[in-house]
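Order-wise, the sequence lines are chains X and W. At position 175 of the first sequence the residue is numbered 175 (full-length UniProt numbering), and the sequence of numbers has no breaks. At position 197 of the second sequence the residue is numbered 197 (full-length UniProt numbering), and the sequence of numbers has no breaks. Okay, structure first, notes after.
There are 2 protein chains.
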Amino acid sequence: MKEKSKRQTDPALAQARRDQVLCAAADCFRRKGYHGAGMAEISKTAGMSAGHIYNFFASKEAIIESIIEQDMEKVFSIFQEYEDQPGDLVTILLDGLDYAVDHHTDVNQGALDLEMFAEAARNDKVAEQLRKSDCYAREKMRNLLLSERSLIKDLSATELESRIEVMFAMINGITLRKTLNPHVDKATLLLALRPAMRVLLVPF
Amino acid sequence: MKEKSKRQTDPALAQARRDQVLCAAADCFRRKGYHGAGMAEISKTAGMSAGHIYNFFASKEAIIESIIEQDMEKVFSIFQEYEDQPGDLVTILLDGLDYAVDHHTDVNQGALDLEMFAEAARNDKVAEQLRKSDCYAREKMRNLLLSERSLIKDLSATELESRIEVMFAMINGITLRKTLNPHVDKATLLLALRPAMRVLLVPF
C-alpha cells in the first residue's frame, strides 16, 4: 500500500515511468510497426507489467498520441527560441537549418516518423494527431513570417501558405532522403538547402 | 492442360495477371501495411488462388520488388522525355514539376510510398531496392545537369550532389505534406515550388 501511494503521489517518478513507456513503445513501433507492436511487446521492452502501463496510458493510441505531443512540445520550444532571438529573421531561420538537418537525419527519429506517416494513411486517429501538430507548426511559422522583422510580411495568405508548405516539404523530405541515400551527410545537404530556403524567406 | 499451356505461352495474358497481382498487393499493403498483408489477403483481393500467384511471384518480397521496379520504369521514361525534349533545360524541369506534384499528391500512391519507406527501416531487402531505384534517379538527374545545355554543368560533384538531394527532398517531401495537410492544392504548392526549384538549377 505504502509503495502504491508513493507512486501515485510522486509526479517526478510518474513522469519517469511515462517516459520509460514512451521510449519502449517508440522502439517497438520502429522495429515491428505500429500495427505489429502489441501492448505485451511494449511491456516487455519497458520492463514493466502491462497493468502498470495501463495506469499511465489507456491504449496504444494514447501512447502514440503522447509521442506526437512530445514532438509538438519540441516544435513549440524551437519556435519560441526563434521568436525570442533578436536579430535578422532570415539569418535566424537559416541557422535553424543546422538543427533541423540533425533532427531529420537521425535514423531512429526517422524510422519512427516514417512509421507514424504510414500508419496515418490507415488510422484516422493517428492522422488527426499528426495533422493537429503540423497545423500548429504552420501557425507558428506563419506568425514569424508575418512579424514586423520579416521581409515577406506583405505576402498574400496563399503565397505565404505556399512558401511554408515548400519549406516544410524540404525539411520533412530530408527524412526520406536519409532513408533513400544513407550516405548523404549534413554538410553536403546544407550547401544547397540554405540557398533554397533563403529564396523562400525573401521577396521573389 | 490446354488452359495451362495457354497461360504459359501468352505473354500478354501473363503480364495482365502479373499486373492484377501487383495492383491487389499494392492495395493490401496500403490498407494493412506490408507486414500485416499476407499472401492469403493478396490472393483474395486479386481474385486469384495463392498457387496461381506463386506462378508469377516467389514471395511477398518479389512482389514489392516488382512494384519498385515499375516505379523505376516510370522514372526512366520521365527522364527520357526530359532528355529528348529540345529547348531550355530549366524550363523543361520546371514544367516537369506539374506532373511531379500530381504524382506525389496522389493519395493512393502516397500511402503506398509511405508504407514502403516505413518498411525500409525494418527490412533490408526493401531498403536496398528503394535505394537502388533512388540511386538510378539521381544518376539520371546528374547526367541531365552535367549536359551541355545545363546552366550548372561546371559545379563540383559535391555541389551537384547537394542540389540533387535538396530537389529530391522537396519533391519526395510533398508526399508527406499531403498526409499532414490534405487541404493543400497543386496550384498553391507550385507557387513557391517553382522559384525554390529554379534557384537550384542556376548558379547561386
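Don't be surprised by glycine CBs; every beta carbon is placed ideally from N, CA and C.
From the options, residue whose alpha carbon lies closest to that of residue i
{"i": "residue 186 of chain X", "options": "W:187, W:118, W:166 and W:198", "result": "W:166"}
{"i": "residue 195 of chain W", "options": "W:90, W:108, W:78 and W:72", "result": "W:90"}
{"i": "residue 55 of chain X", "options": "X:15, X:23 and X:182", "result": "X:15"}
{"i": "residue 150 of chain W", "options": "W:83, W:124 and W:134", "result": "W:83"}
{"i": "residue 177 of chain W", "options": "X:123, X:118, X:157 and X:148", "result": "X:118"}
{"i": "residue 171 of chain X", "options": "X:190, X:52, X:20 and X:116", "result": "X:190"}
{"i": "residue 48 of chain W", "options": "W:32, W:105, W:22 and W:125", "result": "W:22"}
{"i": "residue 60 of chain X", "options": "X:175, X:11 and X:116", "result": "X:116"}
{"i": "residue 102 of chain W", "options": "W:197, W:201, W:198 and W:175", "result": "W:175"}
{"i": "residue 76 of chain X", "options": "X:198, X:144 and X:183", "result": "X:144"}
{"i": "residue 123 of chain W", "options": "X:88, X:32, X:124 and X:193", "result": "X:32"}
Collapsed DSSP secondary structure at residue i in the structure displayed
{"i": "residue 64 of chain X", "result": "helix"}
{"i": "residue 182 of chain X", "result": "coil"}
{"i": "residue 146 of chain W", "result": "coil"}
{"i": "residue 154 of chain X", "result": "coil"}
{"i": "residue 59 of chain W", "result": "coil"}
{"i": "residue 122 of chain W", "result": "coil"}
{"i": "residue 49 of chain X", "result": "coil"}
{"i": "residue 202 of chain W", "result": "coil"}
{"i": "residue 137 of chain W", "result": "helix"}
{"i": "residue 187 of chain W", "result": "helix"}
{"i": "residue 87 of chain X", "result": "coil"}
{"i": "residue 6 of chain X", "result": "Summary for residue 6 of chain X: the model assigns pLDDT 44, below 50, so the residue's position carries little reliability, and this model does not support an answer."}
{"i": "residue 37 of chain X", "result": "coil"}
{"i": "residue 106 of chain W", "result": "coil"}
Where residue i meets chain X, residues with beta-carbon distance less than 8 Å
{"i": "residue 35 of chain W", "result": "32, 33, 35 and 36"}
{"i": "residue 115 of chain W", "result": "118 and 121"}
Test item: CB-CB of residue i and residue j under 8 Å
{"i": "residue 179 of chain X", "j": "residue 114 of chain X", "result": "yes"}
{"i": "residue 152 of chain X", "j": "residue 86 of chain X", "result": "no"}
{"i": "residue 67 of chain X", "j": "residue 26 of chain X", "result": "yes"}
{"i": "residue 173 of chain X", "j": "residue 169 of chain W", "result": "yes"}
{"i": "residue 142 of chain X", "j": "residue 181 of chain W", "result": "no"}
{"i": "residue 62 of chain X", "j": "residue 45 of chain X", "result": "no"}
{"i": "residue 126 of chain W", "j": "residue 64 of chain W", "result": "yes"}
{"i": "residue 93 of chain W", "j": "residue 201 of chain W", "result": "yes"}
{"i": "residue 199 of chain X", "j": "residue 199 of chain W", "result": "yes"}
Residue i: contacting residues in chain W (beta-carbon distance under 8 Å)
{"i": "residue 170 of chain X", "result": "166, 169, 170, 173 and 196"}
{"i": "residue 134 of chain X", "result": "180 and 181"}
Partner residues on chain X for residue i, Cβ-Cβ distance less than 7 Å
{"i": "residue 163 of chain W", "result": "192"}
Interface residues of chain W facing residue i [CB-CB closer than 7 Å]
{"i": "residue 184 of chain X", "result": "165"}
{"i": "residue 111 of chain X", "result": "121"}
Contact list for residue i against chain X, beta-carbon separation under 9 Å
{"i": "residue 158 of chain W", "result": "187, 188 and 191"}
Neighbour list for residue i in chain W, Cβ cutoff strictly below 9 Å
{"i": "residue 131 of chain X", "result": "179, 180, 181 and 182"}
Exercise for review: Determine contact between the stretch 150-166 of chain X and the stretch 132-142 of chain X, defined as no fewer than three beta-carbon pairs at a distance below 8 Å.
Suggested key: Output reads yes: the stretch 132-142 of chain X touches the stretch 150-166 of chain X.
Point to revise | Segment contact, 8 Å Cβ cut-off, at least three pairs: the stretch 64-80 of chain X with the stretch 37-48 of chain X | key: The stretch 64-80 of chain X vs the stretch 37-48 of chain X: no contact.
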